[in-house]
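Before any comments, here is the structure.
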Amino acid sequence: MTRKPVIAGNWKMNKLQAEAKDLVNDVMAGLKQYDKEKLPEVIVAPVFTSLYVANKALTDCGCGKVRLAAQNCYFEKSGAFTGEASVEMLKDAGCEYIIIGHSERRQYFAESDDMVNKKAKAILANGLIPIICCGESLEQRESGVTDSHIASQIKNALKDLTQEEIAKSIIAYEPIWAIGTGKTCDSVEANRVIAMIRNTVKEIAGENSAEAIRILYGGSVKPETIKEQMAQSDIDGALVGGASLKADSFVKIVEGAM
Ligand code: PGA
């Protein structure tokens, strides 16, 4: 089975509204020369406050080449949850994907495996696609628990999801020590871990779901690294932080995945 590649830009806590609008427009200008069918699934994830302008820029363009994601959500529908936004609200703002379980959210905002699972269920129930992040710290890697830690994160995140729901989800393997450090994980090693994740999905949801689910690599992805990463058997794309904040480097990464 051929899986459609995904290149997703995680803007993290960056870009005011005017900057977000410019970046979206510049990315679309950079992709103008390519047929939509030839492009990977291109996703940008601005901060909540820039979702409106980003969505407007994407809708005004009407080219349908770039889709919108949120960086977080809450799993309840509505109510007394100060500071949170529900999946329905993010869908209303134009989001088709939501990133969950990013290591920064796990580390600074106490996002647990259980919350990631509840968020994944809420996202899928609303017809959106979760981008579920997992990854080990340097300490975990050095003590040899990378695979068991990641398998456990994945099993918890996918708990009680149907095979169909799992098949359409996206996973991002992001070794924490590679995020924002400029130290990309060796492609062969990233592919090994991603194949292990796919095997874990197979155990949970069967062969078809394991073959269909897209699993991305994230952690200091750059225009110079993407080709080698995409050449691996199990890497289906990239979740890009720093290099997604400039249109030229993000567009080059998209081109590298074609
Ligand atoms: P980075 O971030 O590309 O800046 O390392 C990746 C991420 O955290 O998603």
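Sequential numbering of the sequence shown, starting at 1, is according to this note's numbering. By construction, the Cβ of each residue, glycine as well, lies at the ideal position given by its N, Cα and C atoms.
| Any heavy atom of the ligand PGA closer than 6 Å to the Cβ of Ser148? | no
| field | Which listed residue (Ala85, Cys63, Leu68, Gly62) has its alpha carbon closest to that of Ala54 | value | Leu68
| query | Measuring from the CB of Asn191, is there a heavy atom of the ligand PGA at a distance below 6 Å? | reply | no
| field | At least three beta-carbon pairs within less than 8 Å, the region 83-96 to the region 137-157 | value | no
| said: For Asp186 and Gly79, what's the separation of their Cα atoms in angstroms? | reply: 45 Å
| query | Ala167 to Ile204, Cα distance in whole Å? | reply | 11 Å
| request: Can you give me the start and stop residues for the beta strand (DSSP E) that Glu142 sits inside? | output: Counting along the chain, Glu142 falls outside any beta strand (DSSP E), though it belongs to the alpha helix (DSSP H) covering 138-142.
| query | Looking only at C-alpha atoms, which of Tyr217, Pro130, Leu39, Ala45 sits nearest to Gln17? | reply | Ala45
| message | Between Val254 and Val42, how many whole angstroms is the CB-CB distance? I'm expecting something under 8 Å. | response | 6 Å
| query | To the nearest angstrom, how far is it from the Cα of Ile150 to the Cα of Thr181? | reply | 20 Å
| query | Which residue's Cα is closest to the Cα of Glu189: Ile213, Ala231, Glu165, Leu161? | reply | Ala231
| message | For Phe109, count the other beta carbons within 10 Å of its own beta carbon; 16 or more makes it buried, fewer makes it exposed. Which is it? | response | exposed
| message | Give me the DSSP bridge partner(s) of Leu239. | response | Ala8, Gly218
| said: Can you tell me whether Asn14 sits near the ligand PGA, meaning its C-beta is under 6 Å from at least one heavy atom of the ligand? | reply: no
| message | For Lys15 and Val47, which I take to be in contact (beta-carbon distance under 8 Å), what is that distance rounded to the nearest angstrom? | response | 7 Å
| said: Does Ile129 come out as helix, strand or coil in the three-state DSSP assignment? | reply: strand
| said: For Ile7 and Gly256, I'd like the C-alpha separation in whole angstroms. | reply: 10 Å
| query | Buried or exposed: which applies to Lys12, given that a residue is buried once 16 or more other Cβ atoms fall within 10 Å of its Cβ? | reply | buried
| request: For my contact list, Arg198 and Ala210 are in at a C-beta cut-off of 8 Å; report their separation, rounded to the angstrom. | output: 5 Å
| query | CA-CA distance, Val24 and Asp248? | reply | 11 Å
| Quick one: is the Cβ of Gly180 within less than 6 Å of any heavy atom of the ligand PGA? | yes
| field | Residues bridged to Ile253 [DSSP beta-bridge criterion] | value | Looking at the DSSP assignment, Ile253 forms no beta bridge with any residue, so it has no partner.
| field | Opposing strand residues paired with Pro41 [DSSP bridges] | value | The sequence as given places Glu at residue 41; Pro does not occur at that position. Its beta-bridge partners are Val6.
| said: Let me confirm a value: Ser148 is counted as buried when at least 16 other C-beta atoms fall within 10 Å, else exposed. Which label applies? | reply: exposed
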